[in-house]
Amino acid sequence: MRKIFLAGSTGSIGKNAVEVAFSYPNKLKITGIAAGHFGAELKGQVIRLKPSYCVLSSRAESDKAKSTLENMVGIETKFLFGEEGLREAIFHGDFDIVLNAISGSAGLMPSYWSLKAGKDLALANKESMVMAGEILNRTAESSKAKIIPVDSEHSALFQCLNCGKKSDVNKLILTASGGPFYGRDKASFKEITPAMALNHPKWKMGKKITVDSSTLANKGLEIIEAYFLFGIDEKYIDVLIHPQAVIHSMVEFKDGSIIAQMGQPDMKGPIGYALSYPRRFHSLMKPLMLADIAFIEFFKPDAEKFPFLRLARQALRIGKSMPAVFCEANEFFVNSFLNERISFNGIAENVEKVMEKYNPSELNDIEDVIAAKRQAAILSRAV
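Residue numbers are given in my numbering: position 40 of the sequence shown equals residue 88, and the series is strictly consecutive.
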């Protein structure tokens with residue numbers, strides 16, 4: 049029985065993870081959860097899961113959950129709040145693996161604490177690896193914990209890389225659906241509204257990651273994440289637009305072979321693989337009916353339309369704390385766009401301005417990453 053702490057339980061990844069766990073009650077048990085706010089979704093999860101720990105964002109949210117649920121028969125959940133509550137649950141809870149599905153840079157410390165505590169990390173929060181990849185890798189090596197990717201693209205690469213030695217890899221190929229705008233004329237990007245950006249053609253996700261998919265910032269972040277996860281130089285990491293979204297990523301080996309991982313655009317697949325690795329659960333997704341796929345297309349992304357690909361590579365080449373600042377600035381300006389304070393084009397334009405003003409520093413420990421995050425926030429507010 050694998051015991052799971054699920055951070056970000058009420059988001060799209062979290063809800064899928066709950067369904068995966070209930071599909072395999074003899075193999076998986078979610079014994080701790082964390083979410084931002086108390087509402088109907090979290091209430092239902094506590095009643096269904098009866099976790100040992102439930103962590104919320106604030107004392108007020110925790111008190112609300114506690115007053116509603118703690119006297120229910122069969123519920124012996126300990127309700128905690130804030131970063132200290134998360135830290136306590138991760139370090140002291142009876143968990144084998146932490147599935148980090150928290151959105152954005154708020155997921156950094158749960159990733160770090162999980163590895164520091166020697167608990168395997170199923171990573172759906174790409175931002176933590178982007179901001180602190182070297183530190184997380186060092187921490188995992190020291191504690192003997194494993195980092196298993198949950199992002200569909202990195203799960204695909206993880207699976208494909210099992211087909212050969214790292215020394216035989218020629219390049220990694222990240223696929224992107226292209227979001228709603230890959231075929232749209234650049235001149236009309238200034239007309240894009242938040243509602244348009246949130247209308248993803250293939251995936252149902254949270255707001256931040258959906259906007260990132262529309263700007264291809266998501267793919268820029270994934271280039272950085274792949275570099276830290278797999279130790280492959282960014283010049284050997286390609287991106288291709290693949291609108292059908294049935295090939296989730298590929299690995300090209302030196303003999304010319306390309307190994308692709310295919311499947312339905314359903315996050316239960318990569319979630320289940322991370323939680324069952326090195327084995328596989330059965331019947332998590334509907335099989336992909338190959339005969340029903342009329343055609344498969346690939347396009348090179350337009351760098352002029354999607355400058356985040358260039359900015360991400362630039363941040364990675366500069367190194368030090370620049371990827372953390374790139375990540376934090378993007379999150380700040382995505383929120384500005386969603387609140388209609390800047391235009392769609394303004395997201396990348398402002399991130400670039402922050403990067404130009406920032407003087408990167410060495411990252412020796414997690415406190416250095418936090419300091420870089422703070423500096424990025426200060427510069428972003430000043431743009």
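Each residue gets a CB set at the ideal place from its N, CA and C atoms; glycine is no exception.
Note that this is a predicted model, so its numbers are computed, not measured.
- The three-state secondary structure of V198, taken from DSSP, is coil.
- Excluding five sequence positions before and after M333, the CB atoms of its chain that fall closer than 7 Å to its own CB belong to G311, Q312, D314, K316, G317, given in chain order.
- For C102, the enclosing beta strand (DSSP E) starts and ends at 101 to 104.
- Nearest to M403 by alpha-carbon distance, out of G56, I390, A377, is A377.
- Nearest C-alpha to D111 among F129, Y101, L277: F129.
- Per DSSP, F70 is not a residue of any beta strand (DSSP E); the alpha helix (DSSP H) it occupies stretches across 60 to 71.
- The Cβ atoms of G227 and S151 lie no closer than 8 Å to each other.
- With respect to the C-alpha of D286, the residue from F276, G268, I366 having the closest C-alpha is G268.
- The alpha carbon of S106 has as its nearest neighbour, out of G56, V146, Q423, G133, the alpha carbon of G133.
- Taking C-beta atoms under 8 Å as the contact rule, F143 and F53 qualify, at a distance of about 4 Å.
- Pairing L76 with V94 gives a Cβ-Cβ distance that is not under 8 Å.
- Rounded to the nearest angstrom, the Cβ distance from L359 to V417 is 19 Å, too far for a contact under 8 Å.
- Per DSSP, Q292 lies in no beta strand (DSSP E) and is assigned neither H nor E.
- By the beta-carbon neighbour count (other beta carbons within 10 angstroms, threshold 16), G279 is exposed.
- In the displayed model, E300 falls within a strand according to three-state DSSP.
- Of the candidates A149, I78, S190, C211, A149 places its Cα closest to the Cα of S200.
- For V217, there is no enclosing alpha helix (DSSP H); the residue is found in the beta strand (DSSP E) stretching over 217 to 224.
- Look at the beta carbons and you see the stretch 206 to 214 touching the stretch 299 to 311: at least three pairs across the two are nearer than 8 Å.
- If you ignore the 5 residues before and after S176, its C-beta comes within less than 6 Å of the C-beta of G155, L156, S159, all in its own chain and listed in chain order.
- Listed as beta-bridge partners of R50 by DSSP are L76.
- Counting only residues of its own chain and dropping the five nearest sequence neighbours on each side, S215 has no CB closer than 7 Å to any other CB.
- Closest in C-alpha terms to I183, from the list A88, L411, K114, comes L411.
- The shortest C-alpha to C-alpha distance from F356 to any of A265, E124, M253, L427 is the one to A265.
- Residue burial annotation: K167 is buried, with at least 16 other C-beta atoms found within 10 angstroms of its C-beta.
- If only complete runs of 4 or more residues are kept, the stretch 401 to 425 shows no alpha helix (DSSP H) anywhere.
- Within a 10 Å sphere around the beta-carbon of F70 sit fewer than 16 other beta-carbons, which makes this residue exposed.
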